[in-house]
Amino acid sequence: MSSTEAKSSLLKQRFEKAEKLEKQGINLFPNTFRKKHDIIEIKEKYKSLSNEELEKVEEQSVIAGRLMAVRSFGKATFAHIQDGSDRIQIFLQQKELGADKYKFFKKLDIGDIIGVIGKPFLTKTGELTLNVSDFELVTKSLRPLPEKFHGLKDVEARYRQRYVDLIVNPKVREIFRTRTKILKLIRQYLDERGFMEVETPMMQVIPGGATAKPFETYHNALGMKLYLRIAPELYLKRLLVGGFERVYEINRNFRNEGISTQHNPEFTMLEFYMAYADYNDLFKITEDMFSYLAQEILGSQKVNYQGNEIDLTPPWNKLSFYESLEKIGGLSKDQYQDIEKAKNLVRELGENVKEYESLGKIQTKLFDLLVEPKLIQPHFIYHYPTEVSPLSRRNDKDPSITDRFELFITGREMANAFSELNDPRDQKKRFEEQVKEKAKGEEEAHFMDQDYVRALEYGMPPAAGEGIGIDRLVMLFTDSPSIREVILFPLLKPEKDK
RNA sequence: GGGUCGUUAACUCAGUAGGUAGAGUAUCGGCCUUUUAAGCCGAGAGUCGCAGGUUCGAAUCCUGCACGACCCA
Numbered sequence: 079m080s081s082t083e084a085k086s087s088l089l090k091q092r093f094e095k096a097e098k099l100e101k102q103g104i105n106l107f108p109n110t111f112r113k114k115h116d117i118i119e120i121k122e123k124y125k126s127l128s129n130e131e132l133e134k135v136e137e138q139s140v141i142a143g144r145l146m147a148v149r150s151f152g153k154a155t156f157a158h159i160q161d162g163s164d165r166i167q168i169f170l171q172q173k174e175l176g177a178d179k180y181k182f183f184k185k186l187d188i189g190d191i192i193g194v195i196g197k198p199f200l201t202k203t204g205e206l207t208l209n210v211s212d213f214e215l216v217t218k219s220l221r222p223l224p225e226k227f228h229g230l231k232d233v234e235a236r237y238r239q240r241y242v243d244l245i246v247n248p249k250v251r252e253i254f255r256t257r258t259k260i261l262k263l264i265r266q267y268l269d270e271r272g273f274m275e276v277e278t279p280m281m282q283v284i285p286g287g288a289t290a291k292p293f294e295t296y297h298n299a300l301g302m303k304l305y306l307r308i309a310p311e312l313y314l315k316r317l318l319v320g321g322f323e324r325v326y327e328i329n330r331n332f333r334n335e336g337i338s339t340q341h342n343p344e345f346t347m348l349e350f351y352m353a354y355a356d357y358n359d360l361f362k363i364t365e366d367m368f369s370y371l372a373q374e375i376l377g378s379q380k381v382n383y384q385g386n387e388i389d390l391t392p393p394w395n396k397l398s399f400y401e402s403l404e405k406i407g408g409l410s411k412d413q414y415q416d417i418e419k420a421k422n423l424v425r426e427l428g429e430n431v432k433e434y435e436s437l438g439k440i441q442t443k444l445f446d447l448l449v450e451p452k453l454i455q456p457h458f459i460y461h462y463p464t465e466v467s468p469l470s471r472r473n474d475k476d477p478s479i480t481d482r483f484e485l486f487i488t489g490r491e492m493a494n495a496f497s498e499l500n501d502p503r504d505q506k507k508r509f510e511e512q513v514k515e516k517a518k519g520e521e522e523a524h525f526m527d528q529d530y531v532r533a534l535e536y537g538m539p540p541a542a543g544e545g546i547g548i549d550r551l552v553m554l555f556t557d558s559p560s561i562r563e564v565i566l567f568p569l570l571k572p573e574k575d576k
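Structure, rendered in structure tokens:
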């Protein structure tokens with residue numbers, strides 16, 4: 079849809095009206111009006127005053143906002159205007175403004191941005207309202223807004239034209255305010271504990287730190303293929319080697335995979351690393367951080383998510399990976415320890431199995447199918463098989479498993495955490511195994527990263543690290559069923575150019 | 001990648017024996033000084049997602065495509 083051609087009659091009408099106003103010498107896009115107050119300030123300031131008290135108010139309120147609704151009578155008009163903070167009713171009278179100015183107001187459209195000067199009073203129904211002594215057109219709106227009562231419902235339009243969604247759907251504004259608040263609280267939480275926020279490359283020569291397919295790009299001047307990062311992990315741990323003992327990064331990761339209610343190709347991840355700590359410390363920090371967020375955001379440890387009440391009060395359930403296969407997945411040791419039996423089981427459950435897939439990989443598939451969807455309340459699942467945890471420290475007693483856990487809430491993975499592998503010799507072997515898997519056809523296997531091994535050879539202090547998916551966290555706290563509801567501009571295919 | 005559903009006015013939606021489209025909001029004109037989904041009277045507004053096919057005739061039936069939603073892989 080082009081803005082200059084093939085206009086609907088409604089659009090044409092607005093463009094013509096705009097031209098007419100301009101011919102009368104009215105600037106449709108002036109940048110001279112300066113508001114003095116946010117609407118919410120006005121509302122807070124006067125909310126408890128009676129009409130007698132309001133009459134004594136000397137100060138003029140000077141606000142600006144978008145015209146959202148108009149109820150017009152002959153010589154008086156009620157309207158609502160909305161700014162970034164709130165919405166307020168205004169009252170305009172011909173006898174107050176003069177016939178010409180009043181007539182001009184009646185020519186305005188819903189969607190126009192206006193500046194308003196007036197004093198507060200209470201209407202018959204007790205609504206705080208500004209009695210307008212003067213107003214100005216600040217920005218002309220040339221496109222009609224969606225209907226005032228139903229708002230914009232079409233999901234495709236809501237995502238493509240998020241700006242319209244934000245104008246007309248207050249709940250959507252609220253979700254993104256909450257998102258920002260969550261990010262701020264997380265930063266505050268980590269900063270208070272001595273963590274340093276850092277930025278590491280988004281474009282990497284070797285995409286490491288996760289099991290995922292990367293996006294490729296190309297640097298022209300260097301004549302070199304680059305990847306968008308799938309995780310910042312290996313860079314953050316290089317910083318541990320460098321001597322920063324507590325670091326974190328909150329930023330985008332990119333994974334070249336399918337799109338669903340749980341996945342957007344770019345998504346936001348928190349990763350934090352602390353030296354001289356292990357995964358036992360991370361259980362506590364995770365519980366503490368989530369319950370802190372719940373308290374600050376919702377004022378409660380109970381979160382309602384899509385009809386389920388999630389109780390975030392620590393401590394949370396803990397089960398080892400194998401225990402969970404047995405107790406929640408209902409499997410016997412025999413069923414998940416014999417690779418052929420396990421593979422057959424996965425196939426019976428309707429998922430594909432590739433020849434080269436390791437027992438650990440098959441076991442995680444069983445977990446994904448039989449256990450994960452049942453983990454509605456918070457559950458830590460710990461001691462993952464070493465073969466599916468190439469960056470995690472082995473358990474001291476049983477080297478076939480790692481000191482790693484994942485957190486699940488509402489049947490979804492919310493966090494992945496482990497004691498960090500800091501033995502460069504073991505790390506090198508683990509990379510070599512990944513390279514072998516890649517050669518067998520496992521597209522998502524890790525790449526060899528020689529420099530990372532070299533860094534470990536200098537000595538990385540013992541450490542623990544964790545990644546938390548921010549989008550899913552925001553979904554939980556805003557009761558959003560789809561990741562697209564918590565990403566301002568989710569990826570969509572381009573609309574057809576007519 | 002597969003399945004199901006959707007796409008009609010700016011927005012929210014109706015629209016079956018297949019007979020060239022309708023409501024509310026919004027817009028335009030008129031009346032109206034306490035409304036808040038204001039009210040009353042009148043008017044204009046559509047490539048029925050796109051392209052084919054069947055038919056005397058298609059928003060409606062068939063095929064393909066595009067975009068989206070949900071589910072599955």
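Quick note, the first sequence lines up with residues 79 to 576 if you use the working numbering.
All residues carry an ideal CB built from backbone N, CA and C; glycine is no exception.
Beta carbon of residue i nearer than 7 angstroms to that of residue j
| i | j | result |
| --- | --- | --- |
| residue 414 | residue 441 | yes |
| residue 452 | residue 424 | no |
| residue 221 | residue 230 | no |
| residue 274 | residue 325 | yes |
| residue 287 | residue 312 | yes |
| residue 493 | residue 364 | yes |
| residue 284 | residue 525 | yes |
| residue 145 | residue 190 | yes |
| residue 291 | residue 335 | yes |
| residue 348 | residue 546 | yes |
| residue 487 | residue 456 | yes |
| residue 183 | residue 200 | no |
| residue 278 | residue 248 | no |
| residue 157 | residue 148 | yes |
| residue 544 | residue 495 | yes |
| residue 276 | residue 536 | no |
Integer-rounded CB distance, given that residue j should sit under 8 angstroms from residue i
| i | j | result |
| --- | --- | --- |
| residue 217 | residue 168 | The pair is not a contact, with the Cβ atoms about 17 angstroms apart (cut-off 8 angstroms). |
| residue 534 | residue 512 | Actually they are not in contact, since the Cβ atoms of residue 534 and residue 512 sit about 15 angstroms apart, beyond 8 angstroms. |
| residue 381 | residue 244 | Contact doesn't hold; Cβ gap of about 24 angstroms is too wide. |
| residue 470 | residue 497 | 7 angstroms |
| residue 192 | residue 213 | 5 angstroms |
| residue 323 | residue 352 | 7 angstroms |
| residue 448 | residue 489 | Residue 448 to residue 489, Cβ: 12 angstroms. No contact. |
Residue i (DSSP reduced to helix, strand or coil)
| i | result |
| --- | --- |
| residue 396 | strand |
| residue 385 | coil |
| residue 526 | coil |
| residue 222 | coil |
| residue 82 | Legend: pLDDT at residue 82 = 36, less than 50; position of this residue unreliable, no value from coordinates given. |
| residue 250 | helix |
| residue 126 | coil |
| residue 565 | coil |
| residue 573 | coil |
| residue 509 | helix |
| residue 138 | coil |
| residue 380 | strand |
| residue 216 | strand |
| residue 193 | strand |
| residue 369 | helix |
| residue 478 | coil |
| residue 532 | helix |
| residue 209 | strand |
| residue 227 | coil |
| residue 275 | strand |
Residues sharing a beta bridge with residue i, DSSP
| i | result |
| --- | --- |
| residue 483 | 460, 495 |
| residue 541 | 353 |
| residue 282 | 305 |
| residue 663 | Past the boundaries of the shown model lies residue 663; the chain is included only from 79 to 576, so the question cannot be answered. |
| residue 470 | 498 |
| residue 148 | 157 |
| residue 245 | Bridge partners of residue 245: none, in fact. |
| residue 143 | 192 |
| residue 297 | 302 |
| residue 547 | 347 |
| residue 328 | 348 |
| residue 198 | 208 |
beta-carbon residue i near the ligand ADP non-hydrogen atom, thresh 6 angstroms
| i | result |
| --- | --- |
| residue 454 | In the structure on display, the ligand ADP does not appear, and there are no ligands present to speak of. |
Could I get the ranges of all uninterrupted beta strand (DSSP E) runs contained in the region 156-184, with 3 residues as the minimum, in chain order?
165-171
Note down, one range per segment and in chain order, each alpha helix (DSSP H) of at least 4 residues found wholly within the region 85-114.
87-101
Mind listing, in chain order, the continuous alpha helix (DSSP H) runs of no fewer than 4 residues lying wholly within the region 408-461?
411-415, 417-426, 437-444
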